[in-house]
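Remarks on the structure that follows.
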Amino acid sequence: MLKLREVAAIAAAALTITVAGAADHVVERAAAGPAAAAPRGRDGTVELQWDSGKPSWLIAWRSGAGTWVGNDFDISTVKTYPYIQKVRLYSTPTWPNGSWDGFYLAVYSFAGGVPGSMMWPAGGRGKYVKGSTSAYGWQEFGVNWSLPPGVRKFVAAVEQFYDYPNCDPHLVDDNATFRKHSWGYYQGNWHPLSNKTGYYNLMLRVIVDDDHNPGVAPATVGRVKALYY
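Per this note's numbering, the sequence shown runs over residues 34 to 262.
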């Protein structure tokens, strides 16, 4: 009969096995973090999300360069909110190395049911961003960019870039049902997000607004609001 310590060792070893077809990665159980809160902003601000707001696992790729995770979104489901204010990523500096190292942030096209080319920033290189909290929490990164005319679907993603353990993790929520909107880019291709935890809903959100809608003049907005306030 296996001793308790041997059982624990086998379980720990199982977590280091690479999922077939996915990039090699390391996982850690997530500690309880702050609850998800509705965004604070002016009228016309909407937070797009697929996660439950409750973290379950931290994940870091062993090789970070060229490895992205992201969520697809469709602004046509919330009227027309083409301006992306910011991306919110749930992460922590406490694991794996106790400090922030940073990600690269980008917005990709999403056509035909798969992520496509990088739309923002221009030049094909993501924007370097770095977390600021001292523990678990939502990290907010400014985008301040409007989707091209007619574009309603996109993918917001971050590249780990740095190799484990000198890197920052992404987190997945506690919903074991995959909502099929989270993606991973590794080995030169995009794939539905996969990892050894069995939880695949990435905790990454986007805040969009219609205050910057180029099709609505500020004076018109003012007159509409004057009817109700």
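All C-beta atoms in this analysis are idealised placements derived from N, C-alpha and C, irrespective of residue type, glycine included.
Please classify Y85: does DSSP put it in a helix, a strand, or coil? In the sequence as displayed, the identity of residue 85 is Ser instead of Tyr. Shown here, S85 sits in coil according to DSSP, grouped into three states, outside any helix or strand.
Opening and closing residue of the beta strand (DSSP E) in which L204 lies: Unbroken beta strand (DSSP E) run through L204: 203-206.
Roughly how many whole angstroms lie between the Cα atoms of L138 and V191? Going by C-alpha positions, L138 is about 4 Å away from V191.
Cα separation between G77 and N208? Straight-line Cα distance between these residues: approximately 29 Å.
Under the DSSP definition of a beta bridge, which residues are partnered with K213? Answer is none; K213 lacks a bridge partner.
State the DSSP-derived secondary structure class of S227, mapped to helix, strand or coil. Looking at S227 - three-state DSSP - the assignment turns out to be coil, as it is neither helix nor strand.
Where do the N-terminal and C-terminal ends of the beta strand (DSSP E) with G58 fall, by residue? Note that residue 58 is His in the sequence shown, not Gly. That run of the beta strand (DSSP E) goes 58-62.
Suppose you measure from the CA of G145 to the CA of W128; what does that come to, to the nearest Å? Cα to Cα, G145 sits roughly 36 Å from W128.
When we look at the beta-carbon of T230 and count the other beta-carbons within 10 Å, is it buried (16 or more) or exposed? So T230 ends up on the buried side.
Does the region 165-183 come close enough to the region 109-125 that 3 or more CB-CB pairs lie under 8 Å? With the cut-off at 8 Å, the region 109-125 and the region 165-183 touch.
Let me check understanding here. Comparing Cα to Cα, which of G103, V176, N228, S96 lies closest to P15? There is simply no residue 15 to check, as the chain begins at 34 and stops at 262 in what is shown.
Give me, in chain order, the residues of the same chain whose beta-carbon lies closer than 7 Å to that of S266; leave out the 5 immediate sequence neighbours on both sides. Past the edges of the chain, shown from 34 to 262, lies residue 266, and the structure says nothing about it.
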